[in-house]
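**Student:** Next up is a structure, given as structure tokens.
In the numbering used here, the protein residues as written are 298 to 395.
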């Protein structure tokens, strides 16, 4: 059962997103207990590749990648909430290392 949902909206910050995702993957919480939801808010950089690589390199992590037109960070967070399965929802930014 997924207990935690980590929602990360992103926009044109693929390099920073990659670092943030790797930091999430390094957590000591058992991976079956959390999910990661990345919402791409219309990026034009290589964000898609970063998400695909992360999913390929960490198949044991519950990972959802959503793409949308640029509607802003609030809309992106709300889309993440709609898909979250965890009892507890965390938000972090694409430039944060947790």
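All residues carry an ideal CB built from backbone N, CA and C; glycine is no exception.
(1) So, for residue 401: in the same chain, excluding its five sequence neighbours on each side, which residues have a beta-carbon less than 8 Å away from its beta-carbon?
(2) Would you say residue 303 and residue 333 are within 9 Å of each other, going by their C-beta atoms?
(3) Just reading off the alpha helix (DSSP H) that residue 354 is part of, what are its end residues?
(4) Report the option in 360, 389, 350 whose CA atom is closest to the CA atom of residue 382.
(5) Measure the Cβ-Cβ separation of residue 306 and residue 335 and say whether it is below 9 Å.
**Tutor:** According to the structure shown:
(1) The requested residue 401 is not part of the displayed model; the chain covers only 298 to 395.
(2) In the chain shown, the residue the question calls residue 303 occupies position 6. In the chain shown, the residue the question calls residue 333 occupies position 36. Yes, Cβ-Cβ distance for residue 303 and residue 333 is below 9 Å.
(3) Within the chain shown, residue 354 is the residue found at index 57, counting from 1. It spans 344-354 - the alpha helix (DSSP H) in which residue 354 sits, taken as one unbroken run.
(4) Residue 382 sits at position 85 when you count from the first residue of the chain shown. The shortest C-alpha separation from residue 382 is found at 360.
(5) Within the chain shown, numbered from 1, the residue matching residue 306 stands at position 9. Within the chain shown, numbered from 1, the residue matching residue 335 stands at position 38. In this structure, residue 335 lies closer than 9 Å to residue 306 by Cβ.
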